[in-house]
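For the record, in the sequence shown the residue sitting at position 100 is 258 according to our numbering, with numbers rising by one throughout.
This report refers to the structure that appears directly beneath it.
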Amino acid sequence: MKRLAVLFAAVLGLASSAGADPVLTLAAAFPVVGSQQVVRLEGAAEPGALRLKVVYRPNSATVREVVVGGFDAAGTIRWHPEAPGITLLIAETAGGESVCQKRVAVCFASTPVSGIIVMVLAGLLLFGGASISLVLALRGKREPAGS
159 MKRLAVLFAA
169 VLGLASSAGA
179 DPVLTLAAAF
189 PVVGSQQVVR
199 LEGAAEPGAL
209 RLKVVYRPNS
219 ATVREVVVGG
229 FDAAGTIRWH
239 PEAPGITLLI
249 AETAGGESVC
259 QKRVAVCFAS
269 TPVSGIIVMV
279 LAGLLLFGGA
289 SISLVLALRG
299 KREPAGS
């Protein structure tokens with residue numbers, strides 16, 4: 159039984175000492191369009207041999223891929239998000255083989271005015287139509303459907 163416990167501890171020690179898979183990390187959980195972000199590649203044997211590819215809106219009809227550049231020897235690179243939405247960061251070899259990936263949600267730099275205008279118009283249409291229907295129903299000037 160003692161031998162089994164020692165063997166089990168040795169196997170766990172070897173498993174934990176084995177290198178972990180490379181991971182991409184960002185300082186900001188939700189990067190903002192136009193702001194500088196530092197992307198770190200941790201756990202890679204040779205980070206200088208890898209490059210960062212960014213895929214804006216993956217799995218959509220408007221996919222756009224941009225190769226930002228190569229990681230430095232410390233495994234970092236500076237990235238400026240160009241478009242809001244779901245973005246896929248990929249650390250890849252020069253041949254295009256993916257080493258690791260990370261999905262991030264890039265936020266707008268500020269609230270878009272067009273979004274506010276659409277929300278106000280939708281509210282006016284919804285509540286305006288409901289109030290007109292209520293007034294007409296209470297006055298009795300509206301005939302029921304099918305009469």
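Even glycine gets a Cβ: it sits at the ideal position worked out from N, Cα and C.
Scanning its chain for C-beta atoms nearer than 6 Å, with the 5 sequence neighbours on each side dropped, one finds around tyrosine 214 the residues Arg222, Ala241 and Thr245, in chain order.
In the assembly as shown, alanine 202 is a buried residue. Its beta-carbon has 16 or more other beta-carbons within 10 Å. With 16 or more neighbouring CB atoms inside 10 Å of its own CB, alanine 249 falls in the buried class. When the five nearest sequence neighbours on each side are left out, the beta carbons in the same chain lying within less than 6 Å of the beta carbon of alanine 267 are those of Val190, Val191 and Gly192, in order along the chain. Straight-line measurement puts the Cα of cysteine 265 at about 6 Å from the Cα of phenylalanine 188. One alpha carbon belongs to glutamate 255, the other to alanine 232, and they sit about 20 Å apart. When secondary structure is reduced to three states using DSSP, arginine 297 falls in the helix class. In the structure shown, serine 268 adopts coil according to DSSP, grouped into three states.
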